[in-house]
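Reading through the structure tokens given below for one structure.
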Ligand SMILES: Cc1ncc(COP(=O)(O)O)c(C=O)c1O
């Protein structure tokens, strides 16, 4: 089931550039994971199966019983306002030309742009694929950091493009000067730059001045896709959305999703905000397969900012509490501005993931090359308690039964 995988490393001044070719859409982690057809596979893959591989799912009871801290989802589900809007929209289930609540207009209004600047997708993941297809055909490359949201690199390579990735800095932030350097060096071959802000899996932001540094430092016609999937969780004055660059007419594509703060991951809705010319280039590649129900849910979600503020508050509190608890056990975490964080285990992550699963807690997959870090999504209070208890057990046992797990 795994395709061929080719990786080559080039030394580019002080920056190591890894170029990868994924044939058949293979997960970044393929080199380090031993896949078997069980729930392990389901737990460790990214949200969307790649390359047409069927995802092996647990039974319903199994699924319900897990603390689900592996996919950066919103554990609380859509608020009543959104549920009501979606329930009402079911009456359009049999229609093609149904009223859609004005979802595109509402998104455009939110960002102060025109509807011609918006492209809807069945999740922002679709937009990422559409960008890859649009800008990486004919062997063009996407430039970005690693680790990041690897679906982008996988898709670029699956459409016969390629990915050029640069490592993170020592403090796990994105290396903006390296991205500029690599883009200039490979200018003719670069299809677009991918900047995940905040980044998944690290949870770290790119500051507003770093975004400006990047945009001002690269050739002005290189498109930059700025993935703001976790925008709504950020509480940091150094961060800002990049939508104003779209208004300036720069070749910037900002992507957003309703899967995280709005709790609609299973319903599939996301969008791009970009200059008209870029939207026009991308639109022919989009499927337009968004359903009536989620369009109405999306409109209601945009209006229910109060519910989102509550989710943000409780998520940040639980993240801070969990990180503080892990610190008392002797484990440092990477500072995060999202609904997930990474803790440094000081030992290989793969067996730890499996041990958590045995205790009924699903945690993030490995993110090479950060193979001693565990990504933990913030669940509800009960799930975080289960995580804390499991962490003490698993890491205590893994550290030779010393009990404090703090070595
Ligand atoms: C950084 C990032 N971008 C995009 C996505 C895609 O999300 P969706 O397709 O559900 O909008 C995800 C999902 O986890 C993500 O982490």
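Residue numbers (this note's numbering): 1480 to 1886. Backbone N, C-alpha and C define an ideal beta-carbon position, used for all residues, glycine too. All figures in this text were calculated on a predicted structure; none of them were measured in a lab.
Under a Cβ-count criterion, where at least 16 other Cβ atoms within 10 Å of its own Cβ denotes burial, should residue i be classed as buried or exposed?
i	result
residue 1605	buried
residue 1598	buried
residue 1724	buried
residue 1688	exposed
residue 1623	buried
residue 1700	exposed
residue 1507	Note that residue 1507 has pLDDT 36, beneath the 50 cutoff, so the model's placement of it is unreliable and no number is given.
residue 1712	buried
residue 1680	buried
residue 1625	buried
residue 1566	exposed
residue 1754	buried
residue 1536	exposed
residue 1895	The first residue shown for the chain is 1480 and the last is 1886, placing residue 1895 beyond what the model contains.
residue 1716	exposed
My output table needs one value for residue i: the three-state DSSP class, helix, strand or coil.
i	result
residue 1821	strand
residue 1849	strand
residue 1491	A caution first: residue 1491 carries a pLDDT of 39, below 50, which makes its placement in the model too unreliable to give a value.
residue 1464	The chain is shown only over 1480 to 1886; residue 1464 falls outside these bounds and no answer can be derived.
residue 1767	coil
residue 1572	coil
residue 1744	coil
residue 1809	coil
residue 1629	coil
residue 1720	coil
residue 1582	helix
residue 1737	coil
residue 1507	Caution applies to residue 1507, whose pLDDT of 36 falls short of 50 and renders its modelled position unreliable; the value that the coordinates give is listed next. Of the three classes helix, strand and coil, the one that applies to residue 1507 here is helix, per DSSP.
residue 1729	coil
residue 1513	Summary for residue 1513: the model assigns pLDDT 26, below 50, so the residue's position carries little reliability; its value from the coordinates is reported in the next sentence. Three-state DSSP puts residue 1513 in coil, outside helix and strand.
residue 1831	helix
residue 1872	helix
residue 1795	helix
residue 1772	helix
residue 1778	helix
residue 1790	helix
residue 1855	strand
What residue from the options has the CA that sits closest to residue i's CA?
i	options	result
residue 1746	1553, 1542 and 1539	1553
residue 1677	1733, 1660 and 1661	1733
residue 1564	1841, 1698, 1774 and 1818	1774
residue 1846	1839, 1840 and 1854	1854
residue 1671	1830, 1653, 1843 and 1658	1658
residue 1739	1788, 1770 and 1772	1788
residue 1596	1810, 1625, 1778 and 1759	1759
residue 1822	1742, 1816 and 1812	1812
residue 1646	1656, 1780 and 1541	1656
residue 1718	1769, 1591 and 1817	1817
residue 1607	1631, 1636 and 1592	1631
residue 1690	1667, 1652 and 1868	1652
residue 1796	1820, 1810 and 1779	1820
residue 1757	1613, 1571 and 1561	1613
residue 1668	1615, 1555 and 1850	1615
residue 1736	1560, 1709 and 1714	1709
residue 1581	1870, 1780, 1790 and 1865	1780
residue 1674	1661, 1628 and 1637	1628
Determine the direct distance from the alpha carbon of residue j to that of residue i, and round the result to whole angstroms.
i	j	result
residue 1633	residue 1800	35 Å
residue 1617	residue 1814	39 Å
residue 1574	residue 1767	15 Å
residue 1682	residue 1550	13 Å
residue 1654	residue 1833	32 Å
residue 1639	residue 1704	19 Å
residue 1786	residue 1808	33 Å
residue 1697	residue 1720	19 Å
residue 1839	residue 1828	17 Å
residue 1722	residue 1852	32 Å
residue 1579	residue 1569	11 Å
residue 1539	residue 1545	10 Å
residue 1587	residue 1593	6 Å
residue 1871	residue 1859	19 Å
At which residues does the alpha helix (DSSP H) containing residue i begin and terminate?
i	result
residue 1647	Careful: residue 1647 lies outside any alpha helix (DSSP H) and carries neither H nor E.
residue 1844	First-last for residue 1844: undefined, no H or E at that position.
residue 1756	1755-1761
residue 1611	1603-1614
residue 1673	Careful: residue 1673 lies outside any alpha helix (DSSP H), inside the beta strand (DSSP E) at 1669-1675.
residue 1709	From DSSP, residue 1709 is part of no alpha helix (DSSP H); its letter is neither H nor E.
residue 1663	1655-1664
residue 1549	Segment: none, residue 1549 is in no alpha helix (DSSP H) and carries neither H nor E.
Just to check, is the beta-carbon of residue i closer than 7 Å to a non-hydrogen atom of ligand 2?
i	result
residue 1628	No copy of ligand 2 occurs in the structure displayed; its ligands are ligand 1 alone.
I'd like the span of the beta strand (DSSP E) that includes residue i, first residue to last.
i	result
residue 1555	Looking at the DSSP string, residue 1555 is not in any beta strand (DSSP E), and its letter there is neither H nor E.
residue 1752	1749-1752
residue 1600	1597-1600
residue 1619	Where residue 1619 is concerned, there is no enclosing beta strand (DSSP E), given that its DSSP letter is neither H nor E.
residue 1593	Premise fails: residue 1593 is in no beta strand (DSSP E) and is neither H nor E.
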